[in-house]
Structures are given as structure tokens and as C-alpha cells.
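Contents: one structure, followed by commentary.
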Amino acid sequence: MPFLSEEQKSELARIADAIVTPGKGLLAADESTGSIGKRLDTINLENNEENRRQYRQLLFNTDASLADSISGVILFDETFYQKNDQGVPFPEFLKSRGIIPGIKLDKGMVKLLGTNDETTTQGLDDLDARCAKYKKHGADFAKWRCALKIGDGLPSQLAILENANVLARYASICQQNGIVPIVEPEILPDGEHDLATTQRVTEKVLSAVYKALSDHHIFLEGSLLKPNMVTAGFQCSKFNEYTAEQNARATVTALSRSVPPAVPGITFLSGGQSEENASLNLNSINQLKGVRRPWALTFSYGRALQASVLKAWQGKKENIPAAQKELLKRAKANGLASVGKYVGGSSGTAGDESLFEKDRVY
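Under our numbering, residues 118 to 479 are what the sequence shown spells out, in order.
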């Protein structure tokens, strides 16, 4: 029966630990062509390959001190094979700055027959060959997103089990190819449900995910989790009444009941929170008293690191320094929040704007 060798395990654990180095987290720059198009629309910029390359180059070219707060960047396939103006492939350039390149591997969600509009995620068929190729070209970690909804009878047991197994198969294929899998079972924030409901569903989903990971012999020390923070649904009448501490306690409680301590780190998604709230809530999670936190608790943010960057840039060359300054500011804020030392008040040009998108797809 083939298992990972001790050398393979050691390398996976080394990469996973490096990603969750204290004070550091991930920049998710893995928006699909359609998703990045929505972002570019907000600044009236055409969604073409060169504009996408220029924008990603702006992010990666930010002052080298970015590596003080950003341990790795999740790339989309197109970006992974693009080069900067000097002809250096982006993964190679990131590595030269001490930032680990990663890749988004899922191919998007498809409807799950026999459910109430629930989904699973596709992309397993050719995953082994893709992993080998990405590893060869510099990817050391990957991400795969599944999404579940809370509602009347949702998520169904079928959706929970199907998505847990898909995530486990993905993780297994990644580890065989020397790639650290980030497992992302996102529970969508859409809905009127209260905080206790999100906590209960999060515990149930994560328990199923880790049962599947165990069944598939995943080496937990060489893997990471990318979950939602536990908050009430965005349409909940009491949404604004819950304090950051209540959200943090519900989050850490749910994790402590379902995530093994062998997992080195948890890199939260921002889930439509404003830039400032994403930082403040992460900070609250790391400041909680009287709870055990055996894992690093950090960030893997896309919109919550980039909203102010886009606003400052506006697609204009002369605005690049100002845009990069916004990225540094948000990265530093979240780096501090990941060790419970963020005091707030560093809002950028989009700092307090809600970044929520109903029924968001990638």
C-alpha cells in the first residue's frame, strides 16, 4: 500500500509551517478571468490578458517588505504562466522575494443533482497531471474551494459528504505530488441564520471533512485549512448586534471541536467582510482569552487585501505607488492581526466598505 515517505512528509510539513509563520498570511490573487473582470469593471478597465497581467504585476512588485507579512500568493492558471516586464515568470519572481507561489486547482462548482440547488466542485479528473506540472514550475501549495449553503434543511447530508470526499481526493493527489493542499470548505454567509446556527453547521461540516481526510490517509501536518469565520448570515436581523468577541469565540469553539491539533495552521477567508472588519475579526480571534488554539490562525484574503489597491490604482501607471502602499498597509494590518496585535484604524480607501457578493462564484 503506497504511503508518503518520511522525506515527502518532512518537505510538506516544512512548506505548511512556512506558510503560517507567525505574523504572516496569504494573498489570494487567484480570481478567475470572470471574477477579476468584475473587479476591473469597478475601475472601468477592460478585462483583457495584459490588464490582468499588469494588475498582478503591481501586486507582486510591491516593496520587498511585503514578504514580512505575506508568506505566499495563490495564483490563477493564467497568472502562473505569465511573466513580469523583465521576462521573469511570476512564480520565480515571488520565490526570489521569499514568497511561496501557490495555485488554485479547482475548476469551479457544478450543481449536485437531487439537492436544493447545492453544488460540488469539479477538476479531479486530470488533477494528478496538473499537480505534477505546477510543482515542476514552482508551485509548493494549492487551494481547492467547495461551497455549502445554510438554509431550510441545508446543507444536506449528501452535499456535506460529497464535498468532504472531493476535498480529500484533491488533498491526497496534491500530497503525492509534493504540494501542500489548502482545504477550503466555505460555508457561504448568505442567509438569515443566527450565529449559533453557523457555528453548529461549521462544526458538522468540518467534522465530516476531517473524517474524509482521515479516510484518505492525508498527512495533516502537511496540510492547511481555509474556512469561513463563524458569523451570522448577512441577512440576519441581529447581524450587527454580535460583537467581534462573540464571533471570535464561536469561530474558535467550532474549530476546537472539529479540527485536529496536528493541522499546523488555519488561513481564514474574508467572506465578503470589509477590509477593516476582516482585520479586526482576525485580531479578536487571536486575542481570545481562556481558549486553546493549537494551530496558527491567520489569513488568506483576496478582496480584503485588494479592494483599496484597486481603488487607488484606477488602471493608471502613475497611481501604482499609491496602490502598492495600500497593499502594504493591509498586509501589515493582517500580519499584526494574525498574532493579536492589530489596534485598528488603518482603513484604506475601501476600508469599511462591505465586500459581500450574493451567491458569489469564482
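Note that CB positions come from ideal geometry on N, CA and C, so glycine has one too.
Q: Give a yes or no on whether the C-beta atoms belonging to Ile-299 and Ala-259 are separated by under 8 angstroms.
A: Contact flag set, yes.
Q | Cβ-based neighbour list, Trp-430, same chain, cut-off 6 angstroms, excluding 5 preceding and 5 following | A | Closer than 6 angstroms at Cβ, skipping near neighbours: Asn-436, Ala-440.
Q) For Lys-434, which of helix, strand or coil comes out of DSSP? A) Lys-434 sits in a helix when the DSSP states are folded into three classes.
**Q.** Minimum C-alpha distance to Tyr-287 - residue among Gly-308, Ala-246, Leu-275, Thr-315
**A.** Ranking Gly-308, Ala-246, Leu-275, Thr-315 by CA distance to the CA of Tyr-287 puts Ala-246 first.
Q. Nearest-angstrom Cα distance between Glu-148 and Thr-196?
A. So the alpha carbons of these two residues sit roughly 10 angstroms apart.
Q) Measuring CA to CA, which of Val-322, Glu-123, Gly-142, Arg-173 is closest to Thr-387? A) It is worth fixing the name first, because residue 387 is Ser in this sequence and not Thr. The shortest Cα separation from Ser-387 among Val-322, Glu-123, Gly-142, Arg-173 belongs to Gly-142.
Q) My guess is that Asp-311 and Cys-248 are in contact by the Cβ rule of under 8 angstroms, so how many angstroms apart are they, rounded? A) About 40 angstroms separates the two Cβ atoms, so there is no contact after all.
Q: With distances taken Cα to Cα, identify the nearest neighbour of Gly-482 among Ile-132, Gly-461, Pro-139, Ser-273.
A: In the structure as shown, the chain starts at 118 and stops at 479, and residue 482 therefore has no counterpart that could be examined.
**Q.** Backbone secondary structure at Ala-379 - three-state DSSP
**A.** Of the three classes helix, strand and coil, the one that applies to Ala-379 here is coil, per DSSP.
(Q) What does the alpha-carbon distance come out to for the pair Glu-235 and Asp-134? (A) Near 34 angstroms, if we compare the C-alpha coordinates of Asp-134 and Glu-235.
Q) Under the three-state reduction of DSSP, which class applies to Tyr-479: helix, strand or coil? A) Any reading at Tyr-479 must be qualified, since the residue scores a pLDDT of 41, below 50, and its modelled position is unreliable; the value itself is stated next. Three-state result, Tyr-479: coil.
Q | Ile-216, enclosing beta strand (DSSP E) - first and last residue | A | Segment: none, Ile-216 is in no beta strand (DSSP E) and carries neither H nor E.
Q.
Tell me the DSSP secondary structure of Phe-177 in three-state form.
A. Looking at Phe-177 - three-state DSSP - the assignment turns out to be helix.
**Q.** Cα-Cα separation, Asn-394 to Thr-319
**A.** Inter-residue distance for Asn-394 and Thr-319 is about 20 angstroms (C-alpha atoms, whole angstroms).
**Q.** Rounded distance between the beta-carbons of Asn-398 and Met-346, thought under 8 angstroms
**A.** Their Cβ separation, rounded to whole angstroms, is 6 angstroms, which keeps Met-346 and Asn-398 in contact under 8 angstroms.
Q.
When you compare the CB positions of Ile-304 and Thr-315, do they come within less than 8 angstroms of one another, or not?
A. Yes, the Cβ-Cβ distance between Ile-304 and Thr-315 is below 8 angstroms.
Q: Evaluate Asn-161 with the Cβ neighbour count: other Cβ atoms within 10 Å of its Cβ, from every protein chain shown; 16 or more gives buried, anything less gives exposed.
A: So Asn-161 ends up on the exposed side.
Q: Inspect the beta-carbon positions of Pro-411 and Ile-383 and report whether they are closer than 8 angstroms.
A: No, these two residues do not count as a Cβ contact at 8 angstroms.
(Q) So the candidates are Leu-414, Lys-355, Asn-357; which of them puts its Cα closest to the Cα of Thr-368? (A) Scanning Leu-414, Lys-355, Asn-357 for the CA closest to the CA of Thr-368 turns up Leu-414.
**Q.** Residue burial classification, Ala-181 (beta-carbon count within 10 angstroms, cutoff 16)
**A.** By the 10 Å Cβ count, Ala-181 comes out exposed.
Q: Output the boundary residues of the beta strand (DSSP E) element that contains Phe-258.
A: From DSSP, the beta strand (DSSP E) with Phe-258 extends over 258-265.
Q) Does DSSP put Pro-206 in a helix, a strand or coil? A) Strand at Pro-206.
(Q) I need the DSSP call for Ile-335, collapsed to helix, strand or coil. (A) Correct three-state label for Ile-335: coil.
(Q) Can you look up Phe-546 in the DSSP assignment and give me helix, strand or coil? (A) This structure cannot settle anything about residue 546, because the visible part of the chain is limited to 118 through 479.
Q. So, is Val-460 buried or exposed, given that buried needs 16 or more other C-beta atoms within 10 angstroms?
A. By the neighbour-count criterion, in which 16 or more other beta carbons inside 10 Å mark a residue as buried, Val-460 falls on the exposed side.
**Q.** Distance, Cys-291 Cα to Lys-250 Cα
**A.** The straight-line gap from Cα to Cα measures roughly 11 angstroms.
Q) Going by Cα to Cα distance, which pick from Gly-231, Leu-341, Asn-451 is closest to Gln-274? A) When each option's Cα is compared against that of Gln-274, the closest is Gly-231.
**Q.** Beta-carbon contacts of Arg-477 that lie in its chain and below 6 angstroms, excluding the five residues immediately before and after
**A.** Reliability fails at Arg-477, whose pLDDT of 49 lies under 50, so the model's placement of it is uncertain and the value that follows must be treated cautiously. No residues qualify anywhere along the chain.
Q: Leaving out five residues on either side along the sequence, give the residues of the same chain with a beta carbon under 7 angstroms from the beta carbon of Glu-128.
A: Excluding sequence neighbours, Glu-128 sits near Gly-295.
(Q) Assuming Glu-392 and Ala-421 are in contact, meaning their beta carbons sit under 8 angstroms apart, how far apart are those beta carbons, in whole angstroms? (A) About 5 angstroms separates the two Cβ atoms, so the contact holds.
Q) Are the beta-carbon atoms of Ile-136 and Leu-341 separated by less than 8 angstroms? A) It is a contact, given that the beta carbons lie within the stated cut-off.
Q: Output the distance between the C-alpha atoms of Asp-223 and Glu-123, rounded to the nearest integer angstrom.
A: C-alpha separation (whole angstroms): 28 angstroms.
Q: May I have the straight-line CA-CA distance separating Ile-335 from Gly-240, to the nearest angstrom?
A: C-alpha separation (whole angstroms): 19 angstroms.
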